[in-house]
Structures are given as structure tokens and as C-alpha cells.
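Colleague:
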Amino acid sequence: MREVKVKSVIPVYIIGLVWLLCSSIFPMYRWYDLVIASGIAFLAYKVASKLFRPKTVLVEEEPEPINTGNKELDEVLTTGTAYMSELNTLNMNIPNIQINKQVDEMMRISRSIFDFITKNPTEVRQIRQFMNYYLPTTINLLKEYDEFRKQGTRNESITKAMKKIEGVLDTIVIAFNRTLDDLYEDKVLDISVDIEVLEKMIKDESY
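Per this note's numbering, the very first residue in the sequence shown carries number 2; after that it's consecutive.
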């Protein structure tokens with residue numbers, strides 16, 4: 002995100018208004034009438050610009066293309082970044098403290114998963130289900146919830162659907178956590194094997 006200053010359009014409208022007023026007061030076919038009107042319009046613009054200062058707004062920057070040298074990893078990280086952005090937007094739109102906490106936790110776990118596969122690119126295929134099902138399905142459910150929330154009147158079906166979505170979010174958090182645990186379980190297993198081999202080599206050399 003970066004800050005951008007956006008000028009107010011009001012000073013421009015004021016210039017137009019000044020010219021309309023001047024044309025109703027002065028004949029405007031004499032050169033000095035045009036000079037007077039221009040001077041008044043310029044002064045009005047300066048005053049209006051002081052009163053209606055540019056607003057500072059935050060605009061989203063285009064993310065830098067991800068290039069790790071591993072095409073499969075790049076695709077996963079690029080898609081993951083887009084999913085995270087969607088989750089964050091939905092989380093800001095939904096005014097529900099409990100859901101906000103759950104989505105915050107999902108995003109925290111997701112970041113840990115992406116950090117892990119960035120450091121261990123050979124494990125990228127282990128998160129296929131997470132990428133192809135867990136994340137997109139979660140986003141779709143939250144989108145539906147947000148749409149239901151915006152309904153002016155809620156019937157029984159909508160209320161039940163919203164309750165079901167609220168109820169399944171804890172299960173989704175557990176599924177996210179399980180994905181992360183599975184990644185580290187494989188890593189721990191590899192470390193255990195390395196330690197066993199090392200201990201065996203040291204033991205063999207001692208004889």
C-alpha cells in the first residue's frame with residue numbers, strides 16, 4: 002500500500018461558477034472584462050485550493066512477480082498471495098469479532114505454511130489439498146456469509162446458512178493447523194532419520 006494525494010474537484014467547480022457569475026455581471030465582449038473575470042476566477046481557485054486540500058488515500062500497489070527459480074513454487078506462492086489478500090478484505094468487511102479472530106488465525110497459519118514451503122520447496126506438493134480446496138472453499142464461504150449479511154431482510158434459510166458458516170470456521174482452523182503440522186511432521190521424521198544414521202556411523206567407527 003502507498004499513499005497518494007488526490008486533489009479536490011471543488012476548486013474547479015468554483016472556477017466554473019465564477020465565470021458564470023461574471024458573465025451575468027459583465028458584458029464579457031470587452032477584453033478587460035475577460036481579464037477581470039480571469040483574475041477573480043484565479044483568486045477563487047487559490048482560496049478554494051487552500052480550503053479544500055488534497056486528500057491522502059491508500060492505494061494497493063501491484064505486487065512484484067514472485068520468482069524463486071522454482072516454477073511450481075512460484076505459482077503456489079502467487080496464488081497464495083491472492084488468496085491471502087481476499088481473506089484479508091473479507092475479514093475487514095465482516096463486522097463479527099469471533100469470525101475476525103478465526104480468519105486472523107487462518108491467515109497466521111497460512112503465512113507459516115507459505116514460509117515453510119518457501120524454505121522447503123520440495124514439500125510444495127504436500128499442500129495441494131490446502132491450495133486447491135481448503136483456501137478457495139473458505140473464501141467462498143466467507144463471500145456467501147458477507148452477501149447474506151448485506152441482505153436487508155433475513156429469512157430463516159439465510160439465518161441458518163450464516164449459522165452453519167459460523168459453526169464450520171473452527172473446523173477449518175483445525176484443518177489449516179493439521180496441514181502445517183503434517184509439513185513439520187515430515188521434517189521431524191527426516192531429522193530423526195539423519196540422527197539415527199549419524200549415531201550409527203559414530204557407533205560403527207568406535208569399534
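For every residue, glycine included, the Cβ atom is placed at its ideal position computed from N, Cα and C.
Which residues in the same chain have their Cβ closer than 6 Å to the Cβ of Ile-166, if we skip the five residues on either side of it in sequence?
Modeller: The residues are Leu-142, Tyr-146.
Colleague: Using the Cα positions of Val-10 and Lys-151, report the straight-line distance between them to the nearest angstrom.
Modeller: Looking at the two C-alpha atoms, the distance is approximately 31 Å.
Colleague: For Thr-68 and Thr-154, what's the separation of their Cα atoms in angstroms?
Modeller: In the sequence under discussion, the amino acid at residue 68 is Asn, which differs from the Thr named in the question. If I take the Cα positions, the gap works out to 47 Å.
Colleague: Whose CA, out of Phe-149, Glu-106, Glu-73, lies closest to the CA of Ile-128?
Modeller: Out of Phe-149, Glu-106, Glu-73, Glu-73 has the C-alpha closest to the C-alpha of Ile-128.
Colleague: Between the Cα of Val-189 and the Cα atoms of Ile-26, Asn-121, Val-174, which residue gives the shortest distance?
Modeller: Closest option to Val-189, Cα to Cα, is Asn-121.
Colleague: Using 10 angstroms around the beta-carbon of Val-125, count the other beta-carbons present and answer buried if the total reaches 16, otherwise exposed.
Modeller: So Val-125 counts as buried.
Colleague: Nearest to Tyr-135 by CA position, among Met-85, Lys-164, Pro-96, Glu-157, is which residue?
Modeller: The shortest Cα separation from Tyr-135 among Met-85, Lys-164, Pro-96, Glu-157 belongs to Met-85.
Colleague: Please classify Ile-43: is it buried, with 16 or more other beta-carbons within 10 angstroms of its beta-carbon, or exposed?
Modeller: What sits at residue 43 in the sequence shown is Phe, not Ile. Exposed is the call here.
Colleague: If you follow the alpha helix (DSSP H) that Asn-101 is in, where does it begin and where does it stop?
Modeller: Note, Asn-101: alpha helix (DSSP H), 98 to 120.
Colleague: Report the option in Glu-186, Leu-181, Pro-55, Leu-199 whose CA atom is closest to the CA atom of Lys-8.
Modeller: Nearest option by C-alpha distance: Pro-55.
Colleague: How close, in whole Å, do the beta carbons of Thr-180 and Phe-115 come, if the pair is a contact with beta carbons under 8 Å?
Modeller: Their Cβ separation, rounded to whole angstroms, is 11 Å, which puts Thr-180 and Phe-115 out of contact at 8 Å.
Colleague: What three-state label does DSSP hand Val-5 in the structure shown?
Modeller: In the structure shown, Val-5 sits in a strand (DSSP, three-state: E or B).
Colleague: Nearest to Tyr-46 by CA position, among Asn-178, Asn-133, Asp-187, Tyr-14, is which residue?
Modeller: The shortest Cα separation from Tyr-46 among Asn-178, Asn-133, Asp-187, Tyr-14 belongs to Tyr-14.
Colleague: Do you know whose CA, among Val-19, Arg-31, Lys-51, Ser-50, lies nearest Ile-41's CA?
Modeller: Considering only alpha carbons, the answer is Val-19.
Colleague: What are the start and end residues of the alpha helix (DSSP H) that includes Tyr-14?
Modeller: From DSSP, the alpha helix (DSSP H) with Tyr-14 extends over 11 to 26.
Colleague: Taking 6 Å as the limit between beta carbons, can you name the residues of its chain near Ile-95, skipping five residues before and five after?
Modeller: Cβ neighbours of Ile-95 beyond the five flanking positions: Asp-147.
Colleague: Could you tell me the alpha carbon to alpha carbon distance between Glu-197 and Thr-160, rounded to whole angstroms?
Modeller: Roughly 56 Å between the two C-alpha positions.
Colleague: Please list the segments of the alpha helix (DSSP H) lying wholly inside the segment 129 to 199, counting only runs of 4 or more residues, in order along the chain.
Modeller: The segment 129 to 199 contains these whole alpha helix (DSSP H) runs: 136 to 151.
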